[in-house]
Each structure stands twice: as C-alpha cells, then as structure tokens.
Amino acid sequence: MAAPHNDFANMGWVKFLGFKTTEAAAGRCVIRLDPQPAHLNHNGDVNAAVLFGLAEIAGAGALVSGLGDFAAKAFVVARRGDIEYVGRARGAVTATGAIPADVFADIRERAARKEELEVPCPVTLTDDAGATISTASVVMLIRPRRERS
C-alpha cells in the first residue's frame with residue numbers, strides 16, 4: 000500500500016480547490032488558485048475558507064518538502080492555524096509557504112528521538128499584482144507514523 004501522502008492529488012478537498020503547484024523545494028511550497036465560481040463568496044471574492052485551505056496546503060507542503068525521506072515515515076497533520084485577511088481576494092491567488100532551512104535540522108533531530116512536535120508554518124497569500132491579501136500561520140503536528148494492526 001502506498002504511503003498516504005502519495006495519494007494527495009486524489010483527495011476530495013484538493014480536487015475541489017483545483018490549485019496548481021508552481022514551486023516545490025525543500026522548505027518552500029507555492030501554489031496558485033485560479034478561482035472557479037464554487038470558490039467565490041457572495042461578493043465575488045475568493046471565500047475565506049478557501050483562502051484558509053490554500054494556506055494550510057502551502058504550509059504543510061513547505062514542511063513536507065523539507066522533511067525529505069522522513070516524510071514517508073511521519074504522521075503530519077494540521078494542529079491549529081490562524082489567518083489574517085488584509086485585502087480582498089479578487090481573481091487568482093498565490094499561497095507561499097516558507098520555512099527556514101535551519102528549522103529542519105531541529106525537526107529531524109527531534110523526530111529521530113520519536114518526539115511529537117509542533118512546527119509553525121508561515122504562509123503569505125497574494126493576488127496577481129503581488130499585493131498581500133492574507134497572512135497565516137498553520138501549526139503542523141509531526142510524529143512517527145504508528146503501525147496499524
């Protein structure tokens with residue numbers, strides 16, 4: 000059976016969002032949403048819940064991309080998050096999750112000791128002009144994957 004993260008593209012929420020990954024590197028994930036009518040609120044802006052979903056995915060993507068081979072052995076899930084909406088989300092949205100490289104040394108060391116840890120993943124959401132429309136922090140829980148019986 001494939002590791003659960005390998006089936007990411009087939010998850011219903013991911014399919015609903017329909018975003019494109021424009022950059023994926025260790026500690027960095029950039030995704031872009033060209034919104035569809037189902038993503039919009041009553042004002043014609045991208046719905047707040049959709050923006051939060053993009054932030055969660057970009058933050059988690061930045062974390063998982065920096066974990067390397069450990070990602071397949073880890074259980075990674077959002078523990079909590081917060082978002083500040085600072086501008087209207089009209090049109091395409093880019094969500095950028097970025098975690099500094101030095102954070103991953105500590106994560107790997109603690110994970111090797113099988114510690115459960117929480118990692119804050121900062122995310123910025125921008126419009127096509129590059130203006131910030133939201134800032135977010137998604138705290139991801141990481142622990143070793145438990146054996147299923």
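Oh and the sequence shown: position 62 is 61 in my numbering, straight run, nothing missing.
Virtual Cβ for every residue (Gly too), placed ideally from N, Cα, C.
Margin query: Beta-carbon within less than 7 Å of Ala97's beta-carbon, same chain only, minus the 5 sequence neighbours each way: which residues are those?
Written below: Gly26, Arg27, Ala61, Pro121
Check: Between the C-alpha atoms of Val118 and Asn42, what's the straight-line distance to the nearest angstrom?
Finding: 34 Å
Notebook entry, point to check: Do Asp33 and Ala91 have their C-beta atoms closer together than 8 Å?
Noted result: yes
Checklist line | Local conformation of Arg142 per DSSP, three classes | finding: strand
Note to self: Could you tell me the alpha carbon to alpha carbon distance between Trp12 and Val76, rounded to whole angstroms?
What the structure shows: 14 Å
Checklist line | Supposed contact pair Arg144 and Ala57 - C-beta distance, whole angstroms, cut 8 Å | finding: Actually they are not in contact, since the Cβ atoms of Ala57 and Arg144 sit about 23 Å apart, beyond 8 Å.
Item checked: Whole alpha helix (DSSP H) elements within the region 100-138, 4-residue minimum -> Qualifying alpha helix (DSSP H) stretches, in chain order: 100-111.
Item checked: Bridge-paired residues (DSSP) for Ala24 -> Arg27
Note to self: Quick check: what's the CA-CA separation for Ile30 versus Val102?
What the structure shows: Roughly 22 Å separates the two Cα atoms.
Item checked: Beta bridge counterpart(s) of Ala94 as assigned by DSSP -> Beta-bridge pairing by DSSP links Ala94 to Ile30, Leu124.
Check: Taking DSSP as the reference, what is the three-state secondary structure of Phe18?
Finding: coil
Item checked: Of the residues Leu39, Thr95, Ser64, the one placed nearest Arg87, counting alpha carbons only -> Leu39
Checklist line | The alpha helix (DSSP H) enclosing Gly80, as first and last residue numbers | finding: Here Gly80 belongs to no alpha helix (DSSP H); instead the beta strand (DSSP E) covers 73-84.
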